[in-house]
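Q: Structure below; questions to follow.
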Amino acid sequence: MSDSSTGKPVNLRRRILAGGAAGLTIAGAQFVSRMAFAQTGPIKIGFPTPLTGAFSSEAQDQVRAAELAVKEFNAGGGFNGRKCELLVRDDKLNPGEAATRTLELIEKDKVDLIVGSLSAATQLSINAVCKARKVLFNSISQSDAINEAKDWSFYTFHEALTPHITAGAVARYAFPKFGKKVVYLTADYAYGHEMVRGFQRAGQAFGMQTLADIRHPLGTSDFSSFLPRIQALKPDVLVLCNFGRDLVNAAKQVTDFGLKQNMKVITPVLLYTSRQAGGAEAFEGIIGGTSYYWGLEDRIPTAKAFNDKFRKAYAGAVPSDYGALGYAGIRSVLQAITEARSTNATAVANVMRKMRYDFYKGVQNYRLCDHQSVQSVIVVESKSKAMKDKYDVFNVLSIEAPDEKNLRTCDELGHKVLS
Amino acid sequence: MVEITPQLLMLQLLTGLALGAVYALLAIGLSLIFGMLTVVNFAHGAFFMVGAFLGVYFLTLTGSFWFSLVLTPIAVGAIGLLSERFLVRPLYGRGIDYPLLLTFGLSYVLVEAMRVIFGIDGMPTSTPTELRGVVNVGFGMFPLYRLFLIAATAVIVIALWLFIEKTRYGLIIRAGSRDNEIVRVLGIDISRIWLLVFGLGTAIAGLSGLLAAPTRAVNPEMGIPVLAESFVVTVVGGMGSLVGAVVAGLLVGVVFSMTSLFAPEYAELSIFVLMAVVLLVRPQGLFGKAGLMG
Numbered sequence: 001m002s003d004s005s006t007g008k009p010v011n012l013r014r015r016i017l018a019g020g021a022a023g024l025t026i027a028g029a030q031f032v033s034r035m036a037f038a039q040t041g042p043i044k045i046g047f048p049t050p051l052t053g054a055f056s057s058e059a060q061d062q063v064r065a066a067e068l069a070v071k072e073f074n075a076g077g078g079f080n081g082r083k084c085e086l087l088v089r090d091d092k093l094n095p096g097e098a099a100t101r102t103l104e105l106i107e108k109d110k111v112d113l114i115v116g117s118l119s120a121a122t123q124l125s126i127n128a129v130c131k132a133r134k135v136l137f138n139s140i141s142q143s144d145a146i147n148e149a150k151d152w153s154f155y156t157f158h159e160a161l162t163p164h165i166t167a168g169a170v171a172r173y174a175f176p177k178f179g180k181k182v183v184y185l186t187a188d189y190a191y192g193h194e195m196v197r198g199f200q201r202a203g204q205a206f207g208m209q210t211l212a213d214i215r216h217p218l219g220t221s222d223f224s225s226f227l228p229r230i231q232a233l234k235p236d237v238l239v240l241c242n243f244g245r246d247l248v249n250a251a252k253q254v255t256d257f258g259l260k261q262n263m264k265v266i267t268p269v270l271l272y273t274s275r276q277a278g279g280a281e282a283f284e285g286i287i288g289g290t291s292y293y294w295g296l297e298d299r300i301p302t303a304k305a306f307n308d309k310f311r312k313a314y315a316g317a318v319p320s321d322y323g324a325l326g327y328a329g330i331r332s333v334l335q336a337i338t339e340a341r342s343t344n345a346t347a348v349a350n351v352m353r354k355m356r357y358d359f360y361k362g363v364q365n366y367r368l369c370d371h372q373s374v375q376s377v378i379v380v381e382s383k384s385k386a387m388k389d390k391y392d393v394f395n396v397l398s399i400e401a402p403d404e405k406n407l408r409t410c411d412e413l414g415h416k417v418l419s
Numbered sequence: 420m421v422e423i424t425p426q427l428l429m430l431q432l433l434t435g436l437a438l439g440a441v442y443a444l445l446a447i448g449l450s451l452i453f454g455m456l457t458v459v460n461f462a463h464g465a466f467f468m469v470g471a472f473l474g475v476y477f478l479t480l481t482g483s484f485w486f487s488l489v490l491t492p493i494a495v496g497a498i499g500l501l502s503e504r505f506l507v508r509p510l511y512g513r514g515i516d517y518p519l520l521l522t523f524g525l526s527y528v529l530v531e532a533m534r535v536i537f538g539i540d541g542m543p544t545s546t547p548t549e550l551r552g553v554v555n556v557g558f559g560m561f562p563l564y565r566l567f568l569i570a571a572t573a574v575i576v577i578a579l580w581l582f583i584e585k586t587r588y589g590l591i592i593r594a595g596s597r598d599n600e601i602v603r604v605l606g607i608d609i610s611r612i613w614l615l616v617f618g619l620g621t622a623i624a625g626l627s628g629l630l631a632a633p634t635r636a637v638n639p640e641m642g643i644p645v646l647a648e649s650f651v652v653t654v655v656g657g658m659g660s661l662v663g664a665v666v667a668g669l670l671v672g673v674v675f676s677m678t679s680l681f682a683p684e685y686a687e688l689s690i691f692v693l694m695a696v697v698l699l700v701r702p703q704g705l706f707g708k709a710g711l712m713g
């Protein structure tokens with residue numbers, strides 16, 4: 001790190017000064033910076049995300065959509081003539097790398113705030129860096145831990161869903177329909193465990209019975225040796241609590257072994273990108289949750305508007321779920337800056353806490369105690385027939401409306417109730 | 420807890436054999452190259468991965484799995500031939516770690532090459548239409564494709580055995596792996612044999628990549644875990660032993676599968692425990708000759 005990383009209080013001030021407010025006295029800087037006219041130069045947003053590694057295709061879509069939000073903002077004149085500049089950095093899906101890149105963005109590039117991340121682990125390390133420097137961070141990746149009081153700060157916002165909400169929504173949809181006996185095939189790390197916990201809590205209401213929770217190591221390429229046992233257990237529902245390539249492999253092999261003929265296969269997070277990578281046959285009939293699917297456009301006008309802008313910018317392609325989060329994550333903070341008439345982290349955070357916004361999927365707001373975005377969950381089913389084009393991969397089965405009661409309570413997360 | 424029935428055990432065993440078939444094929448290629456050239460081929464997993472990519476590519480190009488089955492080993496073998504001729508050959512006589520480091524680097528180059536050509540997401544694959552579905556094997560339902568995998572491995576192993584045991588080239592290969600200096604003294608151009616063996620080993624790796632492709636996701640990183648597993652198999656079977664490679668491949672598959680049934684958390688660990696036990700009891704591996712590394 002550069003030697004400037006030592007004196008923290010000075011740096012906070014420097015950051016506010018970023019953009020060359022040269023004539024200001026040091027003493028008055030913090031005060032004056034609240035007034036828009038004192039700030040010049042571009043608004044800089046740091047965007048750490050895993051451009052390389054297992055989630056690179058999702059990450060690149062995040063960047064595409066985030067750039068779209070920035071372009072839109074700049075085309076609209078920016079804020080007081082100040083344009084926005086997006087500084088994308090590769091965190092390589094590594095928490096240490098993510099922390100280093102974030103620190104550089106803050107100390108060296110003097111960004112005004114941070115949006116980004118794509119893994120439960122990297123977002124916690126990015127958050128820790130931002131928290132220590134009182135820099136606003138809007139996370140666009142799933143995590144339960146980031147909302148918990150021990151990791152959270154006033155400057156932490158969570159635009160993405162949490163495993164608890166997503167698993168809950170899928171459970172509430174699927175469990176009453178397909179029977180009471182469940183087997184979980186779970187990736188043995190935080191994400192998998194959080195998902196199983198989410199399903200089991202939501203499942204209590206329906207009297208669900210867990211026959212087995214089979215844990216597999218992260219990065220398993222062949223699940224066949226787990227499958228005869230699952231077959232013999234005769235569950236009504238098989239829940240695949242894994243992600244990315246693990247999910248693709250599991251779905252493929254579950255299909256090959258003919259398990260779908262005897263049980264319903266569901267998964268907490270069914271991503272557009274996973275489905276594209278795994279193919280129609282492997283995912284046929286699998287039900288899962290997602291934060292966004294482009295097919296919402298027939299019923300949600302903002303989704304239509306967002307898709308059209310994305311299509312126009314990227315040769316007809318549609319945005320993925322994580323891509324859409326990149327867009328929403330950037331738009332939220334830019335809107336808050338405009339309303340706050342400031343890039344001061346506290347001022348922006350205060351506006352975000354009160355915001356009700358609809359950028360792409362219907363109305364959302366941040367819960368006051370933990371800044372979790374309260375939003376809808378879309379339950380989709382993968383299809384292999386009657387597809388209009390290569391983008392047409394899911395049927396939307398239900399949209400669970402945004403509701404704070406589907407989140408873990410503030411109390412449970414350890415927050416002293418803030419008004 | 421599920422009731423352990425004989426049917427379930429049999430099914431689990433069969434699953435292990437299908438899994439072991441791919442391990443065995445990989446280990447044969449690795450063992451062949453090591454036995455003959457004393458080159459520890461760290462790019463073996465990468466050749467497997469290239470085989471999967473090219474296999475799927477040829478499949479979409481020709482529309483026939485069977486064409487791809489012929490074209491893929493030829494193409495991957497050709498890459499192997501070029502690698503031996505221009506990269507590995509200059510390093511002979513320099514000690515075992517030189518080619519090891521070189522092939523390690525080569526594996527990165529191959530992974531990057533596939534990322535550049537086919538993209539980072541990999542390619543979606545599906546089971547060839549003729550081999551789709553499940554069949555009743557008497558004690559349960561089993562995917563037809565995995566039965567085909569076992570059969571294909573058997574055919575490849577037998578063909579290879581005939582080649583090595585019954586042909587003139589095979590005789591030279593066997594002689595060369597015992598004492599290559601004597602073979603050279605007898606007037607045989609050993610470097611051509613080495614070229615051929617390297618090509619053959621990589622072709623089999625490519626073929627196993629194609630065979631595995633319909634069962635899993637094809638992506639540039641798919642060869643990395645496979646490399647570790649095939650080293651375990653080679654060590655258990657004995658470095659340089661073809662019989663060892665086949666027996667150990669199937670054994671590792673079955674051990675993995677049976678552990679998954681009773682203690683899924685330890686499945687991955689189990690094959691390394693097996694390796695450790697074999698190394699303690701029989702350091703040269705089940706079918707290996709002692710002192711080959713010296």
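In order, the protein sequence lines correspond to chains B and Y. Just so it is clear: in the first sequence, position 388 is 388 by this note's numbering, and no numbers are missing. Take the position in the second sequence, starting the count at 1, then add 419; the result is the number in this note's numbering. Glycine included, each C-beta is placed from N, C-alpha and C at the ideal position.
Is any beta-carbon of chain Y found at less than 7 Å from that of R275(B)?
A: No, because no Cβ of chain Y sits closer than 7 Å to the Cβ of R275(B).
Q: Excluding sequence positions up to five away, which residues of its chain have a Cβ less than 6 Å from the Cβ of F306(B)?
A: Excluding positions up to five away in sequence, the list reads Y360.
Q: Pop quiz: A465(Y) and S502(Y) are said to be a contact at Cβ under 8 Å. What is the actual Cβ separation, rounded to whole angstroms?
A: No, A465(Y) and S502(Y) are not in contact; Cβ-Cβ is about 10 Å, not under 8 Å.
Q: Buried or exposed: which applies to M712(Y), given that a residue is buried once 16 or more other Cβ atoms fall within 10 Å of its Cβ?
A: Because M712(Y) carries a pLDDT of 43, less than 50, the predicted location of this residue cannot be relied on, and the following value inherits that uncertainty. Burial call: exposed.
Q: Just list the beta strand (DSSP E) runs in the stretch 201-270 of chain B, keeping only unbroken ones of 3 residues or longer that don't cross its boundaries, in chain order.
A: For the stretch 201-270 of chain B, whole beta strand (DSSP E) runs of length 3 or above, ordered along the chain, are 209-216, 237-241 and 264-269.
Q: By the 10 Å Cβ neighbour count, where 16 or more other Cβ atoms means buried, how is D608(Y) classified, buried or exposed?
A: With fewer than 16 Cβ atoms within 10 Å of its Cβ, D608(Y) is classed as exposed.
Q: Closer than 8 Å, Cβ to any Cβ of chain B: which residues of the stretch 559-578 of chain Y, in chain order?
A: Residues passing the 8 Å Cβ filter: G559, M560, F561, P562, Y564 and R565.
Q: Roughly how many angstroms separate the alpha carbons of F37(B) and A121(B), rounded to a whole number?
A: Residue placement at F37(B) cannot be trusted, given a pLDDT of 42 that sits under 50; what the coordinates show is reported in the next sentence. If I take the Cα positions, the gap works out to 39 Å.
Q: Taking any Cβ of chain B, which residues in the stretch 677-692 of chain Y have a Cβ under 7 Å from it, in chain order?
A: From the stretch 677-692 of chain Y, only S679, L680, P683, E684, A686 and E687 have a Cβ closer than 7 Å to chain B.
Q: Any residues in the stretch 427-456 of chain Y with a beta carbon nearer than 8 Å to a beta carbon of chain B? Which ones, in chain order?
A: Cβ contacts with chain B: L427, L430, Q431, T434, G435, A437 and L438.
Q: Considering Cα atoms alone, identify which of L568(Y), T434(Y), F453(Y) and V645(Y) is closest to W613(Y).
A: Of the listed residues, the one whose Cα sits closest to W613(Y) is F453(Y).
Q: If you draw a straight line from the alpha carbon of M542(Y) to that of V475(Y), how long is it in whole angstroms?
A: The straight-line gap from Cα to Cα measures roughly 8 Å.
Q: Would S382(B) and F394(B) be called neighbours here (beta carbons separated by less than 7 Å)?
A: Result yes, Cβ atoms of S382(B) and F394(B) sit closer than 7 Å.
Q: Quick one: using the 10 Å Cβ neighbour count with 16 as the cut-off for buried, is P301(B) buried or exposed?
A: The residue in question, P301(B), is exposed, as its Cβ has fewer than 16 Cβ neighbours within 10 Å.
Q: What residue range does the alpha helix (DSSP H) around M455(Y) cover?
A: Run containing M455(Y): P425 to L456, per the alpha helix (DSSP H) assignment.
Q: Quick one: residues in its chain with C-beta nearer than 6 Å to the C-beta of A277(B), no 5 flanking neighbours on either side, listed in chain order?
A: The residues are V248.
Q: Got a sec: is the Cβ-Cβ distance from P319(B) to anything in chain Y below 7 Å?
A: It does not; no Cβ of chain Y falls within 7 Å.
Q: Could you tell me the alpha carbon to alpha carbon distance between P48(B) and C369(B), rounded to whole angstroms?
A: Spanning the two alpha carbons is a distance of roughly 25 Å.
Q: So with CB distances below 9 Å, who are the chain B contacts of P644(Y)?
A: Simply G219, T220 and S221.
Q: Just checking my contact of L270(B) with G244(B) at CB under 8 Å: how many whole Å lie between their CB atoms?
A: At roughly 12 Å, the Cβ-Cβ gap does not stay under 8 Å, so L270(B) and G244(B) are not in contact.
Q: Quick one: list the residues of chain B neighbouring R635(Y), beta-carbon separation under 7 Å, in chain order.
A: Result: S221, D222, N249 and K252.
Q: Using 8 Å as the cut-off, can you tell me whether the stretch 473-489 of chain Y makes contact with the stretch 677-692 of chain Y, which would need three or more C-beta pairs spanning the two stretches below that distance?
A: As far as the Cβ criterion goes, the stretch 473-489 of chain Y does not touch the stretch 677-692 of chain Y, which means the pair count is below three.
Q: What does C410(B) pair with, by DSSP beta-bridge criteria?
A: Its beta-bridge partners do not exist; DSSP assigns none.
Q: Any beta carbon from chain Y within less than 7 Å of H415(B)'s own beta carbon?
A: Closer than 7 Å: no.
Q: Tell me the DSSP bridge mates of M542(Y)?
A: According to DSSP, M542(Y) bridges with V637(Y).
Q: Residues of the stretch 468-479 of chain Y with a CB closer than 7 Å to any CB of chain B: list them in chain order, please.
A: Result list empty, no residue passes.
Q: Quick one: using the 10 Å Cβ neighbour count with 16 as the cut-off for buried, is G275(B) buried or exposed?
A: Looking at the sequence provided, one finds Arg at residue 275(B) rather than Gly. Per the 10 Å Cβ criterion, buried.
Q: Buried or exposed for Y685(Y), please, with buried defined as at least 16 other CB atoms from any protein chain shown within 10 angstroms of its CB.
A: Flag for Y685(Y) reads exposed.
Q: Taking all protein chains shown into account, do 16 or more other C-beta atoms lie within 10 angstroms of the C-beta of A336(B), making it buried, or fewer, making it exposed?
A: Counting Cβ neighbours within 10 Å, A336(B) comes out buried, since at least 16 surround it.
Q: List the residues of chain Y that I214(B) touches, going by C-beta distances under 8 Å, in chain order.
A: Correct list: P683.
Q: Do V88(B) and I45(B) come within 7 Å of each other at the CB atom, strictly closer than that value?
A: In this structure, V88(B) does not lie closer than 7 Å to I45(B) by Cβ.
Q: Given a threshold of 16 other Cβ atoms within 10 Å of its Cβ, counted over all protein chains shown, does S419(B) qualify as buried or as exposed?
A: A caution first: S419(B) carries a pLDDT of 47, below 50, which makes its placement in the model unreliable, though a value can still be read off. Looking at its Cβ environment, which holds fewer than 16 other Cβ atoms inside 10 Å, S419(B) is exposed.
Q: What's the gap between the Cα of G439(Y) and the Cα of D151(B)?
A: Approximately 45 Å between the Cα atoms of the pair.
Q: According to a CB-to-CB cut-off of less than 8 Å, which residues of the stretch 228-246 of chain B neighbour chain Y?
A: For the stretch 228-246 of chain B, which is checked against every Cβ of chain Y, the residues closer than 8 Å are P228, R229, Q231, A232, L233 and R245.
Q: Using a Cβ-Cβ cutoff of less than 8 Å, which residues in the same chain neighbour A494(Y) once the five nearest sequence positions on both sides are dropped?
A: Cβ within range, chain order: L473, F477 and G625.
Q: Can at least three beta-carbon pairs, one atom from the stretch 192-206 of chain B and one from the stretch 514-530 of chain Y, be found at a separation below 8 Å?
A: Not touching, per the Cβ criterion.
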